[in-house]
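Scroll down for the structure; my scribbles are underneath it.
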Amino acid sequence: MKIEEILRKVIKIRLFEKKLLELYDQGLLNGTTHTCIGQEIIPVFFSQFLNNEDQIFSNHRGHGHFLAFHEDKFKELLLEIMGKSGALLSGKGGSQHIHYKNFFSNGILAGMFPISAGSGLSNKIRNKQNISLSYIGDGAFGEGVVYETLNLLSLNNIPHITVIENNRYAQSTSIEDNLAGSIIKRIESFDIQTFAYKDYELISNFDKIKRIIDNIRKKPCPLAFVIDTNRLAPHSKGDDNRTKKEIEEANKNDALNYLTKNIQPSTLKKITEEEEKYINKISEDSINSKNLVSINYSIKEIQKKNQNIYNLKEKNQKMSEIINKIIEKKINKNCIFLGEDIKSPYGGAFKISKNLSNKNSNVISTPISESAIVGLANGLTLNKYSAIVEIMFGDFITLTIDQIVNHATKFSDMYNFFQKESLIIRTPMGAGRGYGPTHSQSLEKLLFGIPNLDIYACDVIHNQTLVWEKMSELNKTSLYIENKILYNEKALQFENNQIGDFNVKNLSNDDFISLISLESLNEYDFIILTYGENFNLASKIMKHFFVEKEINIGIVLFGQLSPINSNIIKSISKFSNKFISIEESSSNFSYGSELSFQINQHKNNFKFLKIASRNSSIPSVKNLENEVIINFDKSIKEIEKYYEI
Numbered sequence: 001m002k003i004e005e006i007l008r009k010v011i012k013i014r015l016f017e018k019k020l021l022e023l024y025d026q027g028l029l030n031g032t033t034h035t036c037i038g039q040e041i042i043p044v045f046f047s048q049f050l051n052n053e054d055q056i057f058s059n060h061r062g063h064g065h066f067l068a069f070h071e072d073k074f075k076e077l078l079l080e081i082m083g084k085s086g087a088l089l090s091g092k093g094g095s096q097h098i099h100y101k102n103f104f105s106n107g108i109l110a111g112m113f114p115i116s117a118g119s120g121l122s123n124k125i126r127n128k129q130n131i132s133l134s135y136i137g138d139g140a141f142g143e144g145v146v147y148e149t150l151n152l153l154s155l156n157n158i159p160h161i162t163v164i165e166n167n168r169y170a171q172s173t174s175i176e177d178n179l180a181g182s183i184i185k186r187i188e189s190f191d192i193q194t195f196a197y198k199d200y201e202l203i204s205n206f207d208k209i210k211r212i213i214d215n216i217r218k219k220p221c222p223l224a225f226v227i228d229t230n231r232l233a234p235h236s237k238g239d240d241n242r243t244k245k246e247i248e249e250a251n252k253n254d255a256l257n258y259l260t261k262n263i264q265p266s267t268l269k270k271i272t273e274e275e276e277k278y279i280n281k282i283s284e285d286s287i288n289s290k291n292l293v294s295i296n297y298s299i300k301e302i303q304k305k306n307q308n309i310y311n312l313k314e315k316n317q318k319m320s321e322i323i324n325k326i327i328e329k330k331i332n333k334n335c336i337f338l339g340e341d342i343k344s345p346y347g348g349a350f351k352i353s354k355n356l357s358n359k360n361s362n363v364i365s366t367p368i369s370e371s372a373i374v375g376l377a378n379g380l381t382l383n384k385y386s387a388i389v390e391i392m393f394g395d396f397i398t399l400t401i402d403q404i405v406n407h408a409t410k411f412s413d414m415y416n417f418f419q420k421e422s423l424i425i426r427t428p429m430g431a432g433r434g435y436g437p438t439h440s441q442s443l444e445k446l447l448f449g450i451p452n453l454d455i456y457a458c459d460v461i462h463n464q465t466l467v468w469e470k471m472s473e474l475n476k477t478s479l480y481i482e483n484k485i486l487y488n489e490k491a492l493q494f495e496n497n498q499i500g501d502f503n504v505k506n507l508s509n510d511d512f513i514s515l516i517s518l519e520s521l522n523e524y525d526f527i528i529l530t531y532g533e534n535f536n537l538a539s540k541i542m543k544h545f546f547v548e549k550e551i552n553i554g555i556v557l558f559g560q561l562s563p564i565n566s567n568i569i570k571s572i573s574k575f576s577n578k579f580i581s582i583e584e585s586s587s588n589f590s591y592g593s594e595l596s597f598q599i600n601q602h603k604n605n606f607k608f609l610k611i612a613s614r615n616s617s618i619p620s621v622k623n624l625e626n627e628v629i630i631n632f633d634k635s636i637k638e639i640e641k642y643y644e645i
């Protein structure tokens, strides 16, 4: 290790960060940027111990983390922030969302921490002597996912380095006002070996730290380094509430002052002038470039598969057994299954994972930490593993929203078409078992319309093996809903374009959408739009009106709920002028509302009735539960009243 090389890198990054602030003042940049001025020595130091197959995870203040490792990408990063041609990620990432090869950053505080743990877990499973390193700030210790992740790191002995850059400020709030106790003691409480240094002490401890890091490559375990440092610039651009005295004290303790103590003034001047010339040159070139980035938003045409989307071999099997067998086939050396209590002998709350851990070592039972579990799975998918996650109850999907919405669904697109493996999140939804307000909800509507998230509902009609094949494609993030009542039902057999008493018409191979009726017609008195276990109720309603009133009803069963195929909605709108949506979710802002809007794009003069549960919590007591959720008698009355039958 040469001090002059370290010094040169620190100065180069600092000059780059100062240039960004200068360009903002000139109105040449927009958005935001969070500079690491004063903290540069930390990533420069730790980059010395990383190789090209290690993974680095960062946050909103990530320029220095990136440039310390990829020191040939200064210009590409500047072009990215400026939105000019030649940008690192075609302008999609900007300042906070950087990716190149093995480096990943995102703007959500602490959000990348469980993802880095997942990447480290993949290294351990492969028995590779690689590590993941995550940079987080002291402010991240206000986030619950940090503690979930520390627990997972320690429990699984994941080869992972956590570097905490403690600049004693979370945005504008001092550590005294937002953090109780000790960061070091918090980490050590998880039995993670933790080392504390001032940033200027790192160089003198180079050999010791190198030995420590080399050891975890041979004997995997997590490490943490708490580094006291000084952020000299504002949190972002100009927002700085610190006193003049605090800023003066921070500048006095700047690590760069310690680095230059034994450097000849002439050497320091030479290094500074050379790096300043380089930064000015790439800045000038970027400013003068007239070519703005552009993105191709055209949708790639998917080749439709000529396949039967209905159940051919699953007759007389319960849906719970079918899902179990599908997952068993999916788990292999490149696919990990994670969830709470999924190992034998328990096998999950609804026994969907029964005996799977006896047959495959890639079944990982986790603590109760939904956010970190999905984060762990996200990290696996970034490092060549596909992942299946079980969320014990659909009600708990709320705890995973950040990892789904701000990470899993954004990586491929945000990182300019980065290729990740598939992530499947499966969970039981729905009422009918008396589980009460927090274990009976149908919350899928919270995630409808999220870009790059596919949502499927398990049903007895469509071939679930083929549904899982589609969900398992590269770059896919999918939510798979399993209604609890459905588990004991049996898959219906498809034969000669019929399933039992029903005529079946495939409306879309790729989207698993079917028209089901008692008589094969081109037009119906009513069309019911529904999904999942709701098909059972819909079919009873269809039979009732056919027998009692000689009314022909067709059922459109959506196996894939989101995204909605507008071409399919256009074809559905031709079948009738009267539509009924049936869903167990609460009525307000529901799937039926969106379907009604979609039909309105293609059809005038139609009537639409939405049947859904009341807008209230779901009681535990059976008779009260029945008053809230949808059922046959209430549905018949609503339909007869609305359509004056």
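So the sequence shown is residues 1 to 645, counted in our numbering. Positions of the beta carbon are idealized from the N, C-alpha and C atoms, including for glycine.
Please report how far the alpha carbon of residue i lies from the alpha carbon of residue j, in whole angstroms.
i	j	result
Arg211	Phe49	10 Å
Ile499	Ile373	39 Å
Ile618	Tyr435	9 Å
Lys325	Arg426	14 Å
Leu423	Thr260	48 Å
Thr267	Lys244	31 Å
Ile611	Leu518	21 Å
His407	His602	34 Å
Ile302	Ile528	Residue placement at Ile302 cannot be trusted, given a pLDDT of 49 that sits under 50; the coordinates are not used to answer.
Lys128	Phe579	57 Å
Asn30	Glu17	15 Å
Phe575	Ser539	17 Å
Ile299	Asn102	Bear in mind that the predicted position of Ile299 carries a pLDDT of just 48, short of 50, making it too unreliable to give a figure here.
Asn334	Ala233	44 Å
Asn251	Leu78	26 Å
Met82	Glu275	20 Å
Lys420	Thr477	10 Å
Gly91	Glu284	19 Å
His97	Ala387	23 Å
Go ahead and pull the three-state DSSP assignment for residue i.
i	result
Asn483	strand
Ser105	strand
Leu443	coil
Pro114	helix
Tyr310	strand
Phe428	One detail in the question is off: residue 428 reads as Pro in this sequence, not Phe. It is a strand residue.
His602	coil
Leu515	strand
Gln403	helix
Asp454	strand
Leu7	helix
His65	helix
Ser85	coil
Val146	helix
Asn567	helix
Ile636	helix
Gly339	strand
Glu390	strand
Ser613	strand
Gly137	strand
Tyr278	helix
Measuring CA to CA, which of the options is closest to residue i?
i	options	result
Ile404	Pro428, Ser371 and Ser386	Ser371
Ala255	Ile569, Asp199 and Gly142	Asp199
Ile13	Ile41, Ala250 and Leu23	Ile41
Tyr197	Lys208, Gly592 and Ser189	Lys208
Leu133	Phe46, Ser289, Lys101 and Lys351	Phe46
Gly432	Asn631, Glu201 and Ile183	Asn631
Leu376	Lys351, Phe393 and Leu338	Leu338
Asp454	Pro437, Asn497, Lys410 and Ser440	Lys410
Leu21	His99, Asp239, Lys185 and Glu201	Asp239
Our contact map puts residue i next to residue j with C-beta atoms below 8 Å; I'd like the distance itself, whole angstroms only.
i	j	result
Glu533	Ile582	Rounded, the Cβ-Cβ distance is 10 Å, inconsistent with contact.
Glu489	Val460	6 Å
Phe69	Ile56	6 Å
Leu109	Glu143	6 Å
Ser95	Thr149	Actually they do not touch by this definition, with Cβ atoms about 25 Å apart.
Ser520	Asn503	4 Å
Arg231	Asn167	4 Å
**OP:** Ignoring anything shorter than 4 residues or poking outside the region 157-192, list the alpha helix (DSSP H) runs there in chain order.
**Re:** As far as the region 157-192 is concerned, its whole alpha helix (DSSP H) runs of at least 4 residues are 175-178 and 183-188.
Original post:
At which residue ranges does the region 516-597 contain complete beta strand (DSSP E) runs of 3 or more residues, listed in the order of the chain?
Top reply: Counting only unbroken stretches of 3 or more residues, the beta strand (DSSP E) elements lying wholly within the region 516-597 are 526-531, 553-558, 560-562 and 578-586, in sequence order.
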